[in-house]
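In what follows, a single structure is set out as structure tokens and then discussed.
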Amino acid sequence: MSELPEGIEPAPIPEPKDSALGIVLSRRGDRRFDVLFGRRARHARFMPGNLVFPGGKLEPIDEPGRAGAFERCASREVREETGLDLPPTAWQPAGERTTPPIYPVRFRTLFFVAELPQGVVLPEAPPAPEEIESLTFADPGSVLAAWESGSSLVPPPLLPILRRMQDGGLENPAELAAAIAAVNGAED
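Numbers 314 to 501, taken from our numbering, label the letters of the sequence shown in order.
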């Protein structure tokens, strides 16, 4: 039985927009990784105040349709949102997720992982404060603990990724990317 009155057709399901997301790692002394998080601007329309990985939709400058477009997008978005410059060749593929069809704006997001070269540091202030108001490297477990206590906001799709990262046993970006790809392919 439909909830719609007779004669009214359901709205079409919106097509997802292509996007890329970069998970930037910084190796700690214990061989584990801290992860780069940006706090979305508190006045932003989308996910205000949430801790997120840098990313965004594919743009013409990324040369959609040409091999490497998503990696170029991840590099561009990381540079725009964090000031860090990672080449497209640095990224390890880590699966994809698509926004469920119940949402009016949908994204097909390809995830990537890259390790920040030793000695590279974050800028003192984010280059796009209207989008990302602060940047930090943090242990995935501490971010999960802050979310569980209600002291921090994290988008739901990132939670299983952070849980997998917290479990450890992943000593290089390729292993971590494969583990995240497995999480992204699993039903939550």
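Glycine included, every Cβ here is placed at the ideal spot set by N, Cα and C.
In its own chain, which residues sit with a C-beta less than 7 Å from the C-beta of residue i, not counting the 5 before and 5 after it?
i	result
residue 283	No answer is possible for residue 283: the residues shown for the chain start at 314 and end at 501.
residue 409	421, 422, 423, 424 and 497
residue 486	338, 405, 426, 427 and 428
residue 436	396
To the nearest angstrom, how far is the alpha carbon of residue i from that of residue j?
i	j	result
residue 339	residue 475	15 Å
residue 390	residue 438	16 Å
residue 413	residue 332	15 Å
residue 434	residue 395	10 Å
residue 483	residue 341	13 Å
residue 440	residue 354	12 Å
residue 490	residue 323	38 Å
residue 358	residue 443	11 Å
residue 350	residue 492	19 Å
residue 362	residue 446	9 Å
residue 317	residue 411	26 Å
residue 481	residue 488	11 Å
Please work out which residues of its chain come closer than 6 Å, Cβ to Cβ, to residue i, disregarding the five sequence neighbours upstream and downstream, and give them in chain order.
i	result
residue 388	399 and 401
residue 321	none
residue 478	453
Excluding the 5 residues preceding and the 5 following residue i in the sequence, name in chain order all residues of the same chain whose CB lies nearer than 8 Å to its CB.
i	result
residue 465	364, 456 and 459
residue 381	401
residue 494	406, 407, 408 and 424
residue 371	330, 331, 332, 333, 377, 382, 383 and 386
Mind checking who residue i pairs with in its DSSP beta bridge?
i	result
residue 422	332 and 410
residue 471	According to DSSP, residue 471 bridges with nothing at all.
residue 479	The partner list for residue 479 (beta bridge, DSSP) is empty, contrary to what the question assumes.
Count the other CB atoms, across all protein chains shown, that sit within 10 Å of the CB of residue i; report buried if there are 16 or more and exposed otherwise.
i	result
residue 467	buried
residue 375	buried
residue 448	buried
residue 379	exposed
residue 384	buried
Three or more C-beta pairs under 8 Å: does that hold for the region 463–474 against the region 363–372? yes
Would you call the region 326–343 in contact with the region 414–425, where contact means no fewer than 3 C-beta pairs closer than 8 Å? yes
Does the region 445–459 come within contact of the region 345–355, defined as at least 3 CB pairs closer than 8 Å? yes
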